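Asker: One structure, as structure tokens, below. Some questions next.
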Amino acid sequence: MAQPQKTPAAQSLPQSPIVMIPARMASTRLPNKPLADIQGLPMIVQVLRRAEESKLGRVVVACAETEIKAAVEKAGGEAVLTDPALPSGSDRILAALKTIDPQGRHDAIINVQGDLPTLDAALIKTAFDLLQNPETDIGTLGCIITKESEKTNPNVVKAIAEIDFAKGEKQGRALYFSRTTAPSGDGPLLHHIGLYTYKRAALEAFVASPPAALEKRERLEQLRALALGMRIDIAGVDTVPLGVDTPEDLEIARQILGKR
Numbered sequence: 006m007a008q009p010q011k012t013p014a015a016q017s018l019p020q021s022p023i024v025m026i027p028a029r030m031a032s033t034r035l036p037n038k039p040l041a042d043i044q045g046l047p048m049i050v051q052v053l054r055r056a057e058e059s060k061l062g063r064v065v066v067a068c069a070e071t072e073i074k075a076a077v078e079k080a081g082g083e084a085v086l087t088d089p090a091l092p093s094g095s096d097r098i099l100a101a102l103k104t105i106d107p108q109g110r111h112d113a114i115i116n117v118q119g120d121l122p123t124l125d126a127a128l129i130k131t132a133f134d135l136l137q138n139p140e141t142d143i144g145t146l147g148c149i150i151t152k153e154s155e156k157t158n159p160n161v162v163k164a165i166a167e168i169d170f171a172k173g174e175k176q177g178r179a180l181y182f183s184r185t186t187a188p189s190g191d192g193p194l195l196h197h198i199g200l201y202t203y204k205r206a207a208l209e210a211f212v213a214s215p216p217a218a219l220e221k222r223e224r225l226e227q228l229r230a231l232a233l234g235m236r237i238d239i240a241g242v243d244t245v246p247l248g249v250d251t252p253e254d255l256e257i258a259r260q261i262l263g264k265r
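Read left to right, the sequence shown gives residues 6 to 265 (this note's numbering).
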């Protein structure tokens, strides 16, 4: 398996981040989801606006269909068409990145999912700031679970991280991710939030490698990065952003953004 090389250049702090939003039309529970209207704008454009609000730099939508590209460009955004057959959002953003930045000027990539129209832009910066540690390959987010039902819900992914909450620590190294209830013992559980920041070498190595055994077992692609020996750091935040997957979620997003 390919691994990012820990050379001095690879360990240098990111200077030129880019926010990339993967998007495709395929959704069984909410057909044509990226184009769903939220307060007069397609959902993908609302996500674009949240990414722009982070003020971290260039924002690009990596899309699988021309309809999404047209909607983004109509709103004044930048979009790149990618192969609809690509297997994941990670593959999609790297394919788009190679198209728009073959010279490698952007040294950090922030992957914002295309179904987070109400995302607090501050969370994007929190995840990016984790890359200021020279040893960190990937940054991500987690939120302490407060609902008992979520502790045993396999759809709520748990992040197992070396964070001493009793001492007031807010971030630390992620050691594993699981759909089961973990870790055991007293203490809070972390709901993993699927917003990632990558150093470019880490993203390239991740996409170039085949799925890992535990990744396939848990159906969690971040386990591939851990299997490759990459360091994932996680920051604790106070809220889980709303992911729009159903008509009910869409209505909630409309209500939230209607109050902005």
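Beta carbons: idealized from backbone N, C-alpha and C, even for Gly.
All values derive from a computational prediction rather than experimental measurement.
Can you tell me where the alpha helix (DSSP H) with I149 in it begins and where it stops?
Answerer: Within the sequence shown, numbered from 1, the residue matching residue 149 stands at position 144. Run containing I149: none in the alpha helix (DSSP H); it sits in the beta strand (DSSP E), I143 to I149.
Asker: For a quick check, are the C-beta atoms of V66 and A31 less than 7 angstroms apart?
Answerer: Here residue 66 is taken as the residue at index 61 of the sequence shown, counted from 1. Here residue 31 is taken as the residue at index 26 of the sequence shown, counted from 1. No. Outside cutoff.
Asker: I114: which of L61, P22 and E58 sits nearest, CA to CA?
Answerer: Sequence index remark: in the sequence shown, residue 114 carries index 109 (1-based). Comparing Cα-Cα distances from I114 to each of L61, P22 and E58, the minimum goes to P22.
Asker: I'd like to check one pair, I98 with M25: are the Cβ atoms closer than 7 angstroms?
Answerer: Locating residue 25 in the sequence shown gives position 20, counting from the first residue. Locating residue 98 in the sequence shown gives position 93, counting from the first residue. Yes, Cβ-Cβ distance for M25 and I98 is below 7 angstroms.
Asker: Can you check which of these residues, D88, Y201, K79 and G119, is closest to E70 by C-alpha distance?
Answerer: Here residue 70 refers to the residue found at position 65 when the sequence shown is read from its first residue. Per the Cα distances, D88.
Asker: Check whether the Cβ atoms of A40 and A80 lie closer than 7 angstroms to each other.
Answerer: Position 35 of the sequence shown, counted from the start, is the residue given in the question as residue 40. Position 75 of the sequence shown, counted from the start, is the residue given in the question as residue 80. Note on identity: in this sequence residue 40 is Leu, with Ala being the wrong assignment. No. Outside cutoff.
Asker: On the criterion of 16 or more Cβ atoms from any shown chain inside 10 Å, does A230 qualify as buried, or is it exposed?
Answerer: Residue mapping note: residue 230 aligns to position 225 of the sequence shown, counting from 1. By the 10 Å Cβ count, A230 comes out buried.
Asker: The beta strand (DSSP E) that contains K103, what's its start and end?
Answerer: By 1-based counting over the sequence shown, the position of residue 103 is 98. Premise fails: K103 lies in the alpha helix (DSSP H), G94 to I105, not in any beta strand (DSSP E).
Asker: Out of curiosity, what's the CA-to-CA distance linking T186 and P246?
Answerer: Taking the first residue of the sequence shown as 1, we reach residue 186 at position 181. Taking the first residue of the sequence shown as 1, we reach residue 246 at position 241. Distance between the alpha carbons of T186 and P246: 21 angstroms.
Asker: Could you pull the DSSP bridge partners for Q176 from this structure?
Answerer: To locate residue 176, count along the sequence shown from 1; it is residue 171. According to DSSP, Q176 bridges with A240.
Asker: Tell me, to the nearest whole angstrom, how far the beta carbon of E223 is from that of R184; I am working on the premise that it is less than 8 angstroms.
Answerer: As a working mapping, residue 223 is identified with position 218 in the sequence shown. As a working mapping, residue 184 is identified with position 179 in the sequence shown. So it is a contact: roughly 6 angstroms between Cβ atoms.
Asker: Could you tell me which uninterrupted beta strand (DSSP E) segments, each at least 3 residues in length, are contained entirely in the segment 9-79, listed from first to last along the chain?
Answerer: You should have 22-28 and 63-68.
Asker: Taking only the alpha-carbon atoms, compute the straight-line gap between L262 and E72 and give it to the nearest angstrom.
Answerer: As a first step, residue 262 is located in the sequence shown; it is residue number 257 there, counting from the start. As a first step, residue 72 is located in the sequence shown; it is residue number 67 there, counting from the start. Rounded to whole angstroms, L262 to E72 spans 23 angstroms at the Cα level.
Asker: Would you kindly report the start and end of the unbroken alpha helix (DSSP H) that includes V85?
Answerer: The residue given as residue 85 occupies position 80 in the sequence shown. Segment E83 to L86 is the beta strand (DSSP E) holding V85; no alpha helix (DSSP H) there.
Asker: Contact check, L128 vs V242 under 8 angstroms by CB: the rounded distance?
Answerer: Residue 128 sits at position 123 when you count from the first residue of the sequence shown. Residue 242 sits at position 237 when you count from the first residue of the sequence shown. Contact holds; Cβ gap of about 6 angstroms.
Asker: Please classify L18 as buried or exposed, where buried requires at least 16 other C-beta atoms within 10 Å of its C-beta.
Answerer: Working through the sequence shown from its first residue, we reach residue 18 at position 13. The residue is exposed, with fewer than 16 neighbouring Cβ atoms inside 10 Å.
Asker: Start and end of the alpha helix (DSSP H) containing I257?
Answerer: Here residue 257 corresponds to residue number 252 of the sequence shown, with the count starting at 1. P252 to G263 is the extent of the alpha helix (DSSP H) around I257.
Asker: Between L35 and the ligand MG, is the CB less than 6 angstroms from at least one heavy atom?
Answerer: This structure lacks the ligand MG, and indeed carries no ligand of any kind.
Asker: In terms of alpha-carbon separation, which member of S95, Q118 and R110 lies closest to L53?
Answerer: One-based indexing of the sequence shown puts residue 53 at position 48. When each option's Cα is compared against that of L53, the closest is Q118.
Asker: So what does DSSP say about E220, is it helix, strand or coil?
Answerer: As a working note, residue 220 is residue 215 in the sequence shown. In the structure shown, E220 sits in a helix (DSSP, three-state: H, G or I).
Asker: Determine, using beta carbons only, whether T145 and I239 come nearer to each other than 7 angstroms.
Answerer: Your numbering for residue 145 matches position 140 in the sequence shown. Your numbering for residue 239 matches position 234 in the sequence shown. Yes, the Cβ-Cβ distance between T145 and I239 is below 7 angstroms.
Asker: Let me check understanding here. Comparing Cα to Cα, which of F182, L195, M235 and T251 lies closest to K221?
Answerer: Along the sequence shown, one-based indexing puts residue 221 at 216. Selected option, being the one with the closest Cα: F182.
Asker: Quick check: what's the CA-CA separation for L195 versus G173?
Answerer: Translated into the one-based positions of the sequence shown, residue 195 becomes position 190. Translated into the one-based positions of the sequence shown, residue 173 becomes position 168. Each residue's Cα considered, the two are about 15 angstroms apart.
Asker: Could you check the C-alpha separation between L200 and A179 for me, to the nearest Å?
Answerer: Here residue 200 refers to the residue found at position 195 when the sequence shown is read from its first residue. Here residue 179 refers to the residue found at position 174 when the sequence shown is read from its first residue. C-alpha separation (whole angstroms): 14 angstroms.
Asker: For K204, list the residues DSSP reports as bridge partners.
Answerer: One-based indexing of the sequence shown puts residue 204 at position 199. K204 is bridged to A113.
Asker: So the candidates are L124, L233 and D254; which of them puts its Cα closest to the Cα of I198?
Answerer: Counting from one through the sequence shown, the residue named residue 198 turns up at place 193. It is L124.
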